[in-house]
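Note that the protein sequences, when read in sequence, are chains V, Y and X.
Under numbering that gives the first Met the number 0, the first sequence has 129 at position 130, and the numbering climbs by one with no breaks.
Under numbering that gives the first Met the number 0, the second sequence has 16 at position 17, and the numbering climbs by one with no breaks.
Under numbering that gives the first Met the number 0, the third sequence has 179 at position 180, and the numbering climbs by one with no breaks.
Note that CB positions come from ideal geometry on N, CA and C, so glycine has one too.
Each remark here refers to the structure printed beneath this line.
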Amino acid sequence: MTSEDQLVATGGRDNLTRRSFLRGSLGAAGGAAALAAAMSPLRHMDTEDFTVEKFLQKHYKEMSPSDMEAVLERIRGEVEKRYAIRPELRDIKANDGVEFAYALHLGRCIGCRRCVHACVAENNTSRSPEIQYIRVLEMPKGSIDLEQGRHDYDRPKVPDPDHYYMPIQCHQCANPPCVKVCPVEATWQEQDGLVVIDYDWCIGCRYCEAACPYWARRFNFAEPQVPRENINPNMAYLSNRPRKQGVMEKCHFCIQRTREGRMPACLEVCPVGARKFGNILDPESEVSQILNNKHVFVLKEEVGTLPRFFYYFDEDYPRSESLVSLPVISGGGHA
Amino acid sequence: MSPAHSNPDASTRGQGSTKSGWGAYVVIMVVFFGMACWFTFGPDMLDIPTSQPVSVDPALLSTAPRRVILTDPPTINIDGYDRTCMDCHKMFPLREDPSQPLLQHRDIVLHHGINKECRSCHDSKDRDLLVLRDGKNVRYNEVETLCAACHGSVYLDWKQGAHGRTNGYWDSSRGEVRRLRCTECHDPHNPRVPAMDSVAPLPGPNTLRMGKSDSDHRIDEAEHDDAPIRDPLRRAIRKHAVDKRSRTDADEQYDGHTQSETGVRQGTEKEHGA
Amino acid sequence: MKMYLRFLWRCFRLSFVGDWRYYAWMLLLSVIVLLGLNAYAKQLVYGLVTTGMTDQVSWGLYIANFTYLVGMAAAAVMVVIPVYIYGRRELHDLVIFGELFAVVAIIMCLLFVQVDLGRPDRFMHMLWRFNFPVSMLTWDVIALGGYLLLNLHICGYLIYCAYRGVHPSRRFYIPFVFIAIAWAISIHTVTAFLFVGLGGRPFWNAAIIAPRFLASAFAAGPAFIILTLQVIRRYAGYHVGDDALKLLRNIVTIALTVNMFLLICELFTEFYADSAHIVSIKYLFFGLHGHYGLVPWIWTATVLNSIALFILYLPFRRSLRFMNIACVCMIVGIWIEKGMGLVVPAFIPSPLGELVEYQPTLNETLVCLGIWAFGLLLYTIFVRISVPVLTGRVTADDASESHSVPR
Numbered sequence: 000m001t002s003e004d005q006l007v008a009t010g011g012r013d014n015l016t017r018r019s020f021l022r023g024s025l026g027a028a029g030g031a032a033a034l035a036a037a038m039s040p041l042r043h044m045d046t047e048d049f050t051v052e053k054f055l056q057k058h059y060k061e062m063s064p065s066d067m068e069a070v071l072e073r074i075r076g077e078v079e080k081r082y083a084i085r086p087e088l089r090d091i092k093a094n095d096g097v098e099f100a101y102a103l104h105l106g107r108c109i110g111c112r113r114c115v116h117a118c119v120a121e122n123n124t125s126r127s128p129e130i131q132y133i134r135v136l137e138m139p140k141g142s143i144d145l146e147q148g149r150h151d152y153d154r155p156k157v158p159d160p161d162h163y164y165m166p167i168q169c170h171q172c173a174n175p176p177c178v179k180v181c182p183v184e185a186t187w188q189e190q191d192g193l194v195v196i197d198y199d200w201c202i203g204c205r206y207c208e209a210a211c212p213y214w215a216r217r218f219n220f221a222e223p224q225v226p227r228e229n230i231n232p233n234m235a236y237l238s239n240r241p242r243k244q245g246v247m248e249k250c251h252f253c254i255q256r257t258r259e260g261r262m263p264a265c266l267e268v269c270p271v272g273a274r275k276f277g278n279i280l281d282p283e284s285e286v287s288q289i290l291n292n293k294h295v296f297v298l299k300e301e302v303g304t305l306p307r308f309f310y311y312f313d314e315d316y317p318r319s320e321s322l323v324s325l326p327v328i329s330g331g332g333h334a
Numbered sequence: 000m001s002p003a004h005s006n007p008d009a010s011t012r013g014q015g016s017t018k019s020g021w022g023a024y025v026v027i028m029v030v031f032f033g034m035a036c037w038f039t040f041g042p043d044m045l046d047i048p049t050s051q052p053v054s055v056d057p058a059l060l061s062t063a064p065r066r067v068i069l070t071d072p073p074t075i076n077i078d079g080y081d082r083t084c085m086d087c088h089k090m091f092p093l094r095e096d097p098s099q100p101l102l103q104h105r106d107i108v109l110h111h112g113i114n115k116e117c118r119s120c121h122d123s124k125d126r127d128l129l130v131l132r133d134g135k136n137v138r139y140n141e142v143e144t145l146c147a148a149c150h151g152s153v154y155l156d157w158k159q160g161a162h163g164r165t166n167g168y169w170d171s172s173r174g175e176v177r178r179l180r181c182t183e184c185h186d187p188h189n190p191r192v193p194a195m196d197s198v199a200p201l202p203g204p205n206t207l208r209m210g211k212s213d214s215d216h217r218i219d220e221a222e223h224d225d226a227p228i229r230d231p232l233r234r235a236i237r238k239h240a241v242d243k244r245s246r247t248d249a250d251e252q253y254d255g256h257t258q259s260e261t262g263v264r265q266g267t268e269k270e271h272g273a
Numbered sequence: 000m001k002m003y004l005r006f007l008w009r010c011f012r013l014s015f016v017g018d019w020r021y022y023a024w025m026l027l028l029s030v031i032v033l034l035g036l037n038a039y040a041k042q043l044v045y046g047l048v049t050t051g052m053t054d055q056v057s058w059g060l061y062i063a064n065f066t067y068l069v070g071m072a073a074a075a076v077m078v079v080i081p082v083y084i085y086g087r088r089e090l091h092d093l094v095i096f097g098e099l100f101a102v103v104a105i106i107m108c109l110l111f112v113q114v115d116l117g118r119p120d121r122f123m124h125m126l127w128r129f130n131f132p133v134s135m136l137t138w139d140v141i142a143l144g145g146y147l148l149l150n151l152h153i154c155g156y157l158i159y160c161a162y163r164g165v166h167p168s169r170r171f172y173i174p175f176v177f178i179a180i181a182w183a184i185s186i187h188t189v190t191a192f193l194f195v196g197l198g199g200r201p202f203w204n205a206a207i208i209a210p211r212f213l214a215s216a217f218a219a220g221p222a223f224i225i226l227t228l229q230v231i232r233r234y235a236g237y238h239v240g241d242d243a244l245k246l247l248r249n250i251v252t253i254a255l256t257v258n259m260f261l262l263i264c265e266l267f268t269e270f271y272a273d274s275a276h277i278v279s280i281k282y283l284f285f286g287l288h289g290h291y292g293l294v295p296w297i298w299t300a301t302v303l304n305s306i307a308l309f310i311l312y313l314p315f316r317r318s319l320r321f322m323n324i325a326c327v328c329m330i331v332g333i334w335i336e337k338g339m340g341l342v343v344p345a346f347i348p349s350p351l352g353e354l355v356e357y358q359p360t361l362n363e364t365l366v367c368l369g370i371w372a373f374g375l376l377l378y379t380i381f382v383r384i385s386v387p388v389l390t391g392r393v394t395a396d397d398a399s400e401s402h403s404v405p406r
């Protein structure tokens, strides 16, 4: 560094040093070239996803209304650019005096999977690779051991008389293990009981996915693909706005609908009315009535997650002539 | 600390003086530049599973009720005029013997428990009205009252919201809570919802690298069908299912048998309801 | 300050100097690192779809290696404890290599976590909203970061003192050594808690995981150090006494015995009770519904560990060669046990009973190899620097004098 050093170092051996310097720089050049070439795939990277603005975007809970409006406007622009449609994107806050609950009539579900596809259509989830929030299990009668269930049943007709069907989606637990484990608070429970994700905050560590006992969370392993013509423009920040590669997502009971008083998409499409949704704080609501009057159970109660998603069945009458149409856990409610 | 103007210390000089050959450097250079070329022009060894985006027919995702509910009174458009039942039935008397074949309404298949006759539900005097067992009339727009006469518990469930579907809004202050009525799902003449019997399921999960994993599971399960079951409860259920299947296969007329069974049960329910 | 910068500069220069074997080794490692870097660049572009991970098996080789390396890092204390707690002098001069090993292992751990993230660009969200103390991952970040700093301090201080020819002041490192001992145990415990705390995964949700982690780490880590010490002795000309190796061998023997004992406890509890919780372990050891993906792995691990244990308890363990065989068996065996045997099976079947197997892809494997090569590269450089410094062949005094480095 200093001239003195230089002098001492090179004294009398100018040639040799120059040669070794040459070699050193050649080696360095080779290394640099290899390094640059090794990182060359990065040129395919979507640079728009790495802007200063996005880097500095605050956590959902720390954003002021004006911050939020700026972010929403930016997302609207992105959606418009990519899908050629101006989305009706907004941030919908939880309503006071509302706590959502879901009830599903196990004896009624026929396993037609319409809910799955309605959900995909409503929530702009990736078509390739496929992401589906709802998984319908075909369970043999007489068991609630999920391991007995089949996920990819493909019968010409459903329901199969020897099976019953159990759709599973996010249970919006009151004691959510996924929220507990998130290292960056990218997922949390809202006042109305919904567990939501800030897709712009998630770092994609997938710890929540490992923690969820209901396998309700999905990860965007690749850039999600949604056909332009299939995009649902009714969007909310915490729910169905388009996600990016590398973040988690999951069922949120259709925030963009339910926080404005409407029913979730999976419920409205159910051909047999097996799905029930409402405000559990309202004693007159359908779900409250069901919890009061029906045989209700929750999945994996022993894990202590306190789900807001309940399965129920009738006490007095079976769905069809079959004497064992209901799962046996009803405790003898049927013949 | 500029690396360009290196100040080789003791060790470097030691190295430099002993190794005179360029060999090592050439090897290093060749390797590095070779790698650079390979990265740039070499094969792409990625194994990324791809799938075709699945499109679902939007018609399959319709949220419209299964059936179009009748108006009150029911009308039918004939030659551009809306006609009620009584427009015709003023002239046509009631068929006295229910065993005689129908001349009109032959498209109606009556499969509703012990209700073997039109007048079980339709008022034989005023066809624009329905009738309860005790002779009270019920309008078409309150058909659930008629259903409730036999299906008391279902009716209670429906009123509470446990039975049937509710479309629209859960919050009545913001929009219509549209609870579907009995006949929007059930055909009153054949009330079993067809969907419960036969609907093709929409495509199953084909998520990332799902592959064939679960179809193996299926084979496994199929084998299980004959395998002895350890669990006594499951064994009993399997036996029942097998019995039921063989009965259904053997007897095509089984349906009628079932109807009477249901009829008996509904009879009991009726007592509850009344 | 200038002196310190100069020290760093000389370290940098020193790391480029060596004989042909050194160059060949470093070149090999560089090539693998570049391959890994290339693979990671692809992963960044295309997403984690380039790995074998799925929504069903959402953690794979990366987290497996991370877990294993946390253990390796923690195992450095097995070199430290005998010296500073039991006063065994034979290991005294080797402590530094243990600590350096810990530094490298932690750096590799952090890299493995980094490559596992879907959005590594958002890593700084950790600083802005840190879900401490609720999330065990934040504990792990603190534990790993702290351990890295502690060991960097201890190593850096000792080496720099040797460079200046000053006797290290005990005040500046002894307290840190003791903190590091406790910290080392805690890093692996916290990492175990990462898994243990998940009620939805019965395979992990067992108290025995943390002690097993420690036991296996204290076997594999010192085993690795035994091997590296022999390499150092052979190629770097640093004196490593056989006594030291024997002491480490004894530690390894005990740790491996405890590990095997805990394994038997675990197997008994699971299989005798025969409850629904055993599906994962059943899949691991015997396969389930025609899926046998992990069976060869776990049996390889079990056999390797048994061979190691067998060798270590027989008289011919005194032979260095047999001891080295045992060490290699153990390192590989425990690596499988941690990765394919602990991280992956908890995901199979999924919480909804779905059987999706995990098969690492080439790209993923290259990233892992790249990180391992990078770690070895770092460790080689560290050793390359510290040996001449510690033996007094490179000191502050000779900075301006001609001095040849022995090879």
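Classify residue i: buried if its beta carbon has 16 or more other beta carbons within 10 angstroms, exposed otherwise.
| i | result |
| --- | --- |
| methionine 247 of chain V | buried |
| glutamine 358 of chain X | exposed |
| tryptophan 334 of chain X | buried |
| glycine 41 of chain Y | exposed |
| arginine 105 of chain Y | exposed |
Consider the Cβ of residue i: report whether some Cβ of chain Y lies at a distance smaller than 9 angstroms.
| i | result |
| --- | --- |
| leucine 361 of chain X | yes |
| valine 302 of chain V | no |
| tryptophan 19 of chain X | yes |
| tyrosine 311 of chain V | yes |
If you measure from the beta carbon of residue i to each beta carbon in chain V, is any gap under 9 angstroms?
| i | result |
| --- | --- |
| asparagine 64 of chain X | no |
| proline 348 of chain X | yes |
| phenylalanine 11 of chain X | no |
| phenylalanine 38 of chain Y | yes |
| leucine 145 of chain Y | no |
Residue i lies in the alpha helix (DSSP H); which residues open and close that run?
| i | result |
| --- | --- |
| methionine 107 of chain X | 94 to 115 |
| phenylalanine 308 of chain V | Careful: phenylalanine 308 of chain V lies outside any alpha helix (DSSP H), inside the beta strand (DSSP E) at 308 to 312. |
| glutamine 159 of chain Y | 151 to 159 |
Answer with yes or no whether the minimum CB distance from residue i to chain X is below 9 angstroms.
| i | result |
| --- | --- |
| arginine 134 of chain V | yes |
| asparagine 219 of chain V | yes |
| arginine 18 of chain V | no |
| histidine 251 of chain V | no |
At what residues does the beta strand (DSSP E) containing residue i begin and finish?
| i | result |
| --- | --- |
| phenylalanine 218 of chain V | 216 to 218 |
| phenylalanine 99 of chain V | 99 to 104 |
| tyrosine 80 of chain Y | 80 to 83 |
Taking Cβ-Cβ distances shorter than 9 angstroms, what residues in chain B pair up with residue i?
| i | result |
| --- | --- |
| serine 185 of chain X | Within the model displayed, chain B is absent; protein chains V, Y and X are what it includes. |
| query | How about the segment 154 to 172 of chain V and the segment 198 to 205 of chain V: do they share at least three Cβ pairs that are nearer than 8 angstroms? | reply | no
| Does the segment 259 to 267 of chain V come within contact of the segment 141 to 149 of chain V, defined as at least 3 CB pairs closer than 8 angstroms? | no
| message | Extract the residue ranges of the alpha helix (DSSP H) inside the segment 217 to 293 of chain V, only unbroken runs of 4 or more that lie entirely within it. | response | 254 to 257, 264 to 268 and 285 to 292
| request: Determine, using beta-carbon pairs with one atom in the segment 269 to 288 of chain X and one in the segment 347 to 357 of chain X, whether at least three such pairs fall under 8 angstroms. | output: yes
| Given 8 angstroms as the limit, is there contact between the segment 317 to 333 of chain X and the segment 291 to 309 of chain X, that is, 3 or more CB pairs closer than that? | yes
| field | Three-pair Cβ contact test at 8 angstroms for the segment 139 to 148 of chain Y versus the segment 107 to 119 of chain Y | value | no
| Ranges of the alpha helix (DSSP H) found wholly within the segment 105 to 144 of chain V, counting only runs of at least 4 | 113 to 122
| Can at least three beta-carbon pairs, one atom from the segment 302 to 311 of chain V and one from the segment 167 to 177 of chain V, be found at a separation below 8 angstroms? | yes
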